[in-house]
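Okay, structure first, notes after.
Residue numbers (the numbering used here): 198 to 432.
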């Protein structure tokens with residue numbers, strides 16, 4: 198049963214979510230797509246409260262809303278004018294897949310070894326994506342080397358490493374709290390673009406990044422301190 202759930206989870210997460218999100222970002226502004234997908238943590242908090250018994254703590258909901266306001270400000274500041282209904286629908290589909298996968302993992306897979314779960318899921322997602330293999334071979338042969346290296350990096354670090362860490366963390370933190378950590382991403386992107394690419398953020402984006410940090414910190418830090426205290430007491 199666990200392997201069947203892992204198979205479904207891997208296909209939905211590593212194949213479905215990834216393909217749908219990338220398709221969305223081809224027909225909608227990346228910032229807008231990120232804003233729509235980032236309703237995911239709010240929905241995870243609601244469904245985890247209703248289905249997993251995590252409750253709906255006010256601190257969690259307030260922190261998520263504050264961060265979402267910040268994401269909205271970053272999106273407005275970086276909007277390039279690219280928007281289609283199809284892209285919006287694909288972004289919403291990606292958000293739904295995100296929510297389903299997080300809740301499914303917390304309910305059925307969080308007690309299993311994170312490495313086994315992650316690699317089993319990646320294998321399932323890879324098999325599901327073999328339909329794109331003919332096109333991949335043709336594109337790699339014509340792609341610049343630096344683009345191929347970037348794709349390999351995306352597979353090794355944001356996928357393999359990050360999902361292993363996620364799988365470990367979800368054993369100890371509520372799904373709603375852990376998913377809210379994703380609200381830090383837009384703020385981190387703004388900072389890294391400034392430091393590494395020299396892209397000075399507009400004032401509205403900078404303020405939005407601060408709100409993302411404040412909202413996520415308001416949600417995550419007390420929970421992490423509480424979990425750490427419980428583990429220390431248990432020892």
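Note that beta-carbon positions come from the ideal geometry of N, C-alpha and C, so glycine has one too.
Predicted model only: the values in this text are computed from it and were never measured.
Under the three-state DSSP convention, the category residue i falls into
| i | result |
| --- | --- |
| residue 256 | helix |
| residue 415 | helix |
| residue 276 | coil |
| residue 404 | helix |
| residue 235 | coil |
| residue 336 | helix |
| residue 281 | coil |
| residue 195 | An answer regarding residue 195 cannot be provided, because it is not within the stretch 198 to 432 covered by the chain. |
| residue 246 | helix |
| residue 369 | coil |
| residue 225 | coil |
Spatial neighbours of residue i in its chain, beta-carbon cut-off 6 Å, leaving aside the 5 residues before and after
| i | result |
| --- | --- |
| residue 230 | 221, 222 and 288 |
| residue 321 | 204, 207 and 208 |
| residue 216 | none |
| residue 326 | 212 |
Contacting residues, own chain, Cβ-Cβ under 8 Å from residue i (five flanking each side not counted)
| i | result |
| --- | --- |
| residue 341 | none |
| residue 270 | 401, 402, 404, 405 and 408 |
| residue 415 | 256, 259, 260 and 263 |
| residue 248 | 300 and 304 |
Member of the options whose CA lies at the smallest distance from the CA of residue i
| i | options | result |
| --- | --- | --- |
| residue 312 | 283, 364 and 267 | 364 |
| residue 317 | 295, 343, 360 and 332 | 360 |
| residue 382 | 249, 264 and 323 | 264 |
| residue 199 | 417, 304 and 299 | 304 |
| residue 277 | 348, 343, 211 and 226 | 226 |
| residue 307 | 255, 266 and 370 | 370 |
| residue 246 | 284, 296 and 210 | 296 |
| residue 201 | 248, 314 and 336 | 314 |
| residue 367 | 417, 224, 256 and 213 | 417 |
| residue 267 | 250, 380 and 332 | 380 |
| residue 378 | 357, 293 and 242 | 242 |
| residue 238 | 386, 329 and 375 | 375 |
| residue 240 | 212, 350, 393 and 291 | 291 |
| residue 236 | 393, 373 and 396 | 373 |
| residue 234 | 251, 250, 293 and 244 | 293 |
| residue 282 | 362, 224, 350 and 334 | 224 |
Start-to-end residues for the alpha helix (DSSP H) that takes in residue i
| i | result |
| --- | --- |
| residue 316 | 311-325 |
| residue 344 | 342-351 |
| residue 398 | From DSSP, residue 398 is part of no alpha helix (DSSP H); its letter is neither H nor E. |
| residue 219 | 215-222 |
| residue 385 | 382-394 |
| residue 374 | 372-377 |
| residue 199 | 199-207 |
Cβ-heavy atom distance, residue i to the ligand GTP, below 7 Å
| i | result |
| --- | --- |
| residue 212 | Ligands displayed in this structure: none; no statement on the ligand GTP is therefore possible. |
Cβ-based neighbour list, residue i, same chain, cut-off 7 Å, excluding 5 preceding and 5 following
| i | result |
| --- | --- |
| residue 399 | 274 |
| residue 345 | 337 |
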